[in-house]
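Read the structure below first, then the notes.
Residue numbers (the numbering used here): -7 to 313.
Right under this line is the structure:
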């Protein structure tokens, strides 16, 4: 599966970009302290609102903060919130979705009703209100809040897939052999849901990053330091767009866009592997492309053959004359 996953250039590009941001989040403090020799909270009053230069590679803010140091530091804060939200949301979705699909009956009805309640809730508004009470408590807290309200959509997909697997012959055979539902879920069902779970995890991750950035932009910061959303919020408050200070708001926005694009590329490759319809469609496209290429080659060969026959005919006419 790993070879198939890494076969396309799109997924390799997505993994490379995603790995770059992960390394940046882990090694951020070391990079800012030992390579840049800049602190995200230090002020350079001699370079206020300055464009990119040798000293400040991405310029400075209206307060004199180094933009590159803030971008690197913000990667850790935003990605921690996204990771916590994704892990928690995926765990809840797997437990509830698989349990509802395997148990059936009143358990399925109760868990499905709970899922529908969370689906109809104004999730972001509730997250915003709760985050306001826990403001400044750190990215882990904001990630937990996002994860608690972000599991319902994936739960319905997992439940439907589990219901489909429950009707398969191998599941019936395992039940006839007396396998417990716990072992049935862990050994027989979950391995068949790996593609769905991994795609859900990646989608939840970038959703958590976007939610944290949106909350920070609205003034509900998850940390006392800086994140990408905080940077964009401060740039908006400082009229960076009107003042033409693109180096202030463009880097954090570009980082969020690149991170989202990398997750989308990885998700696309995971879907190709886990969804037989996409694999069949890709094989059909490859076959059509191969048939079209061979047909074009045959046409070109026929045209060259006709040209050779014409040249031979002209040569005979000249020899007879």
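The C-beta atom is built at its ideal place from N, Cα and C for all residues, glycine as well.
Taking 8 Å as the threshold (C-beta atoms), are residue j and residue i in contact?
i, j, result
"residue 85", "residue 185", "no"
"residue 221", "residue 233", "no"
"residue 243", "residue 50", "yes"
"residue 144", "residue 120", "no"
"residue 28", "residue 60", "yes"
"residue 181", "residue 90", "yes"
"residue 240", "residue 53", "yes"
"residue 134", "residue 73", "yes"
"residue 218", "residue 21", "no"
"residue 101", "residue 205", "no"
"residue 212", "residue 130", "no"
"residue 148", "residue 107", "yes"
"residue 23", "residue 64", "yes"
"residue 3", "residue 261", "yes"
"residue 323", "residue 224", "No answer is possible for residue 323: it lies beyond the span of the chain, which begins at -7 and ends at 313."
"residue 35", "residue 56", "yes"
Determine the extent of the alpha helix (DSSP H) in which residue i is found, giving its start and end residues.
i, result
"residue 21", "1 to 22"
"residue 204", "186 to 209"
"residue 220", "220 to 229"
"residue 154", "144 to 158"
"residue 62", "59 to 95"
"residue 234", "Residue 234 -> no alpha helix (DSSP H), and no H or E assigned at all."
"residue 321", "Absent from the structure is residue 321, since the part of the chain shown begins at -7 and ends at 313."
"residue 131", "131 to 141"
Give me, in chain order, the residues of the same chain whose beta-carbon lies closer than 8 Å to that of residue i; leave out the 5 immediate sequence neighbours on both sides.
i, result
"residue 142", "77, 81, 115, 196, 199, 200, 203"
"residue 152", "93"
"residue 278", "The predicted model places residue 278 with a pLDDT of 49, which falls under 50 and marks its position as unreliable; any figure quoted below should be read in that light. If we look at residue 278 and ignore the five residues flanking it on each side, it has no Cβ neighbours."
"residue 118", "141"
"residue 67", "13, 16, 17, 20, 220, 247"
"residue 299", "none"
"residue 1", "none"
Kindly list the residues whose CB is nearer than 7 Å to the CB of residue i, restricted to its own chain and excluding five residues on each side of it in sequence; keep chain order.
i, result
"residue 155", "93"
"residue 272", "Bear in mind that the predicted position of residue 272 carries a pLDDT of just 49, short of 50, making it unreliable; the figure below should be weighed with that in mind. Hits under 7 Å: none found."
"residue 177", "90, 94"
"residue 250", "9"
Considering only heavy atoms of the ligand MG, does any lie closer than 7 Å to the CB of residue i?
i, result
"residue 85", "The ligand MG is not among the ligands present in this structure, which contains no ligands whatsoever."
Look up residue i in the DSSP assignment and give the residues it is bridged to.
i, result
"residue 52", "58"
Under 6 Å Cβ to Cβ from residue i, same chain only, skipping five residues before and after it: list those, please.
i, result
"residue 302", "none"
"residue 274", "Here residue 274 scores only 47 on pLDDT, less than 50, and its place in the model should not be relied on; the value that follows carries that caveat. Excluding residues within five positions, none has a Cβ falling inside 6 Å."
"residue 11", "none"
"residue 227", "240, 241"
Worksheet item: Do the segment 69 to 82 and the segment 132 to 140 meet, that is, are 3 or more Cβ pairs less than 8 Å apart?
Response: Cβ pair count under 8 Å is three or more, so yes.
Fill in: Sufficient close CB pairs (3 or more, under 8 Å) joining the segment 182 to 200 to the segment 252 to 259
Yes, they touch.
Worksheet item: Pairing CB atoms from the segment 294 to 303 with CB atoms from the segment 31 to 46, are three or more of them under 8 Å?
Response: The segment 294 to 303 makes no contact with the segment 31 to 46, as fewer than three CB pairs between them are under 8 Å.
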